[in-house]
Amino acid sequence: MPKFSKRAKSIKIEKKAKMLFQSLKGMHDILPADQLWWDKVKKISQDIADFYNFSRIDTPILESAEIFEKSTGSATDIVEKQMYYIKSKGKDRLALRPEGTAGIVRAYFEHGLSRLSQPLKLYYFGPFFRYESPQAGRYRQFYQVGFEILGGENDPVYDAQIILAGYRLIEELKIKNLTVEINSLGCKNCRLIYRRKLQDYYRKLSVKICKDCRRRLSLNPLRLLDCKNENCQAIKTKAPIMLDNLCSACRNHFRLVLEYLDELNLSYILNPYLVRGLDYYNRTVFEFTAEKLKFSLGGGGRYDDLGEMLGAKKGSLPAIGNSLGVERLIEAMKERGIDVVPKSKTKVFLIQIGQPAKKRAFCLIEEFRKSGVKVLESLGRESLNSQLRIADKEGAAIALILGQREVFEDSIIIRDMKSGAQETVPLAKVVEEVRKRIR
Ligand code: HAM
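According to the numbering used here, the stretch in the sequence shown is residues 8 to 446, in order.
In structure tokens form, the structure reads like this:
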């Protein structure tokens, strides 16, 4: 994730050679220097959730594998090729969650969340796992922030609101030139008719399509439109599209979604080939992309049949959601030079010399804490010079110096690190005095 300089790279390689263990392929540590970026994405996600009234939900990382097989789809890449299955001592078939939506629907029914005011708006932020070939923006452990609207009416306004929540989050992170690609996959009925038309079209060309697509033709024909093979891409351009085959209810639903987006002047591109890699979608599907990025930042769609796939009553849970890849958001911000360093506050460094001063300094830090002033220290060090050097390195504007004499006289020295000017003040007044100076 972080970009290393040549020297840093060579140090890293040297260290790697001596180390017994390293993080697993496609999994990464989030180092202290990167935490500011993560904090920023978390903060903006929380702000968006608060504004649009989404409550936080956290579901377990381990779920029954069947949940994903039944909802995400056993013939999808995510389940077929990328899911981490876990063997437990019992006979349970478990999986590390590859995505969040299925677990949230499970939790919705398990805890009777339909009793709460509907629709229920939920959001989450956490790690997900897919056994992929790692490359830029693609990891085996990655984080998503996601928003889901469950229950209530099957109203196109919620489709627009879910798209809006994701859009605003990316916008608030200052990632510009954002595009929403959108399509409708219709309902079970019109999709069935469309699937047949698609299969008829591709069957005639089956010798020209790739091996994977020949398999998709019977197993999961919509995924034919997603193939990256050059020949298949050319063939796709003449394939029938779902938008021409929507039933009137689905067409109306989609028209209204677009009208809501138009009301907001939120620009979108109709992409008739957008099918998404998960089987639970119906009607609206969408993805967020931004200029020059090789990957999508997020995506989502409507999943009115997911409840039924997990055993609930037919039509009992209209729902729509999105999720955004946190690493991808951060990479996009870094690539665009978007800065997240907070405005620097005046730093205060407390220096102590000798055992009685160390004890007094230890307590003084707590007095600063109570009044909300952060102080840096290096309590393990003894000498004035070494502590001054650290204060300087940390960029402290003020150093407080407490030696044996000061402890004896109940006083402390305040040193202006820039000018070197020093003043002695009573210890009882130092917090107040520092507050005045940093204001
Ligand atoms: P998804 O498109 O599979 O949808 O993933 C959503 C986002 O997660 C992607 O657009 C990408 O930013 C990020 N992502 C996915 N895989 C990886 C990876 N291997 N490495 C890094 N980032 C990745 C879902 O997961 C659905 N649950 C979205 C949804 C929510 N649909 C309805 N509600």
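The beta-carbon is built from N, C-alpha and C at its ideal position, and this holds for glycine as well. Being a predicted model, the structure only gives us computed values, none of them experimental.
- Length of the line joining the Cα atoms of Met-8 and Glu-338: The count along the sequence shown starts at 1 and reaches residue 8 at position 1. The count along the sequence shown starts at 1 and reaches residue 338 at position 331. In this prediction, Met-8 has a pLDDT of 47, which is less than 50 and means its spatial position is unreliable; nothing more can be read from the coordinates.
- Query: With burial defined as no fewer than 16 other Cβ atoms inside 10 Å of the residue's Cβ, what is the status of Arg-396: buried or exposed?
  - Reply: If you number the sequence shown from 1, residue 396 lands on position 389. Burial call: exposed.
- Bridge partners of Glu-179, per DSSP? Stepping through the sequence shown from its first residue, residue 179 is reached at position 172. The partner list for Glu-179 (beta bridge, DSSP) is empty, contrary to what the question assumes.
- Task: Return yes when at least one heavy atom of ligand 1 lies under 7 angstroms from the C-beta of Asn-161, else no.
- Result: Numbered from its first residue, the sequence shown carries residue 161 at position 154. No, Cβ of Asn-161 sits at least 7 angstroms from all heavy atoms of ligand 1.
- Would you kindly work out how many angstroms separate the C-alpha atoms of Asp-46 and Ile-37, rounded to a whole number? The sequence position of residue 46 within the sequence shown is 39, counting from 1. The sequence position of residue 37 within the sequence shown is 30, counting from 1. Computed Cα separation, rounded: 11 angstroms.
- Task: May I ask you to check if the CB of Thr-108 is nearer than 7 angstroms to at least one heavy atom of ligand 1?
- Result: Walking along the sequence shown from the start, residue 108 turns up at place 101. Yes, Cβ of Thr-108 sits closer than 7 angstroms to a heavy atom of ligand 1.
- For Leu-69, which option in Arg-100, Ala-406 and Phe-261 has the closest C-alpha, if you only look at C-alpha atoms? Working through the sequence shown from its first residue, we reach residue 69 at position 62. The residue with the shortest Cα to Cα distance from Leu-69 is Arg-100.
- Task: Note down the Cα distance separating Glu-106 from Leu-127, rounded to an integer number of angstroms.
- Result: Translated into positions along the sequence shown, residue 106 becomes position 99. Translated into positions along the sequence shown, residue 127 becomes position 120. Going by the C-alpha atoms only, they are around 19 angstroms apart.
- Task: Could you say which of Leu-371, Arg-262 and Ile-169 lies nearest to Arg-451 if we only look at CA atoms?
- Result: No answer is possible for residue 451: the residues shown for the chain start at 8 and end at 446.
- What residue does the beta strand (DSSP E) around Ala-406 start on, and which one ends it? The count along the sequence shown starts at 1 and reaches residue 406 at position 399. Here the beta strand (DSSP E) through Ala-406 covers 405-409.
- Task: On a CA-only basis, which of Glu-266, Ala-56 and Gly-144 is nearest Glu-342? Give me that one, please.
- Result: Residue 342 sits at position 335 when you count from the first residue of the sequence shown. Answer by Cα proximity: Gly-144.
- Item | Distance between Leu-434 and Glu-374 (C-alpha atoms, nearest Å) | As a position in the sequence shown, residue 374 is number 367, starting the count at 1. As a position in the sequence shown, residue 434 is number 427, starting the count at 1. Whole-angstrom Cα-Cα distance: 11 angstroms.
- For Arg-262, which of Arg-104, Asp-162, Phe-28 and Arg-283 has the nearest alpha-carbon? Sequence index remark: in the sequence shown, residue 262 carries index 255 (1-based). Residue Asp-162 is the option with its Cα nearest to Arg-262.
- For Val-355, the three-state DSSP class (helix, strand or coil): Taking the first residue of the sequence shown as position 1, residue 355 is located at position 348. Strand, per DSSP.
- Item | Local conformation of Ser-225 per DSSP, three classes | What you label residue 225 is simply residue 218 of the sequence shown in a count that begins at 1. Correct three-state label for Ser-225: helix.
- Decide if the segment 220-238 is in contact with the segment 279-288; the criterion is three or more beta carbon pairs, one per stretch, under 8 angstroms apart. yes
- Phe-375 CB to nearest chain C CB: under 8 angstroms? Note that chain C does not occur in the displayed structure, where there is just one protein chain.
- Task: Would you tell me roughly how many angstroms separate the C-alpha atoms of Asp-65 and Phe-135, rounded to the nearest one?
- Result: Taking the sequence shown and counting its residues from 1, one reaches residue 65 at position 58. Taking the sequence shown and counting its residues from 1, one reaches residue 135 at position 128. So the alpha carbons of these two residues sit roughly 12 angstroms apart.
- Message: Buried or exposed, going by whether 16 or more other CB atoms sit within 10 Å of the CB of Ala-297?
- Response: Here residue 297 is taken as the residue at index 290 of the sequence shown, counted from 1. Buried.
- Query: What residue does the alpha helix (DSSP H) around Pro-134 start on, and which one ends it?
  - Reply: Sequence index remark: in the sequence shown, residue 134 carries index 127 (1-based). From DSSP, Pro-134 is part of no alpha helix (DSSP H) but of the beta strand (DSSP E) over 127-136.
- What alpha helix (DSSP H) runs, 4 residues minimum, are completely inside the segment 274-351? 313-316 and 333-342
- Message: Whole angstroms are fine: how far does the CA of Ile-51 sit from the CA of Glu-179?
- Response: For this step, residue 179 is matched to residue 172 along the sequence shown. For this step, residue 51 is matched to residue 44 along the sequence shown. Their backbone Cα atoms lie some 7 angstroms apart in a straight line.
- Task: Using the Cα positions of Lys-400 and Glu-416, report the straight-line distance between them to the nearest angstrom.
- Result: The count along the sequence shown starts at 1 and reaches residue 400 at position 393. The count along the sequence shown starts at 1 and reaches residue 416 at position 409. Their Cα atoms are separated by approximately 30 angstroms.
- Assuming Lys-32 and Pro-141 make a contact with CB atoms under 8 angstroms, what is their CB distance in whole Å? In the sequence shown, the residue the question calls residue 32 occupies position 25. In the sequence shown, the residue the question calls residue 141 occupies position 134. Lys-32 to Pro-141, Cβ: 6 angstroms. Contact.
- Taking C-beta to C-beta, are Ile-358 and Ile-408 nearer than 8 angstroms? By one-based count along the sequence shown, residue 358 stands at place 351. By one-based count along the sequence shown, residue 408 stands at place 401. It is a contact, given that the beta carbons lie within the stated cut-off.
- Message: Short of 6 angstroms in beta carbon distance, which residues of its chain neighbour Val-347, apart from the five on each side in sequence? Order them along the chain.
- Response: Here residue 347 corresponds to residue number 340 of the sequence shown, with the count starting at 1. Once the five neighbours on either side are set aside, the close Cβ partners of Val-347 are Leu-43, Trp-44 and Lys-47.
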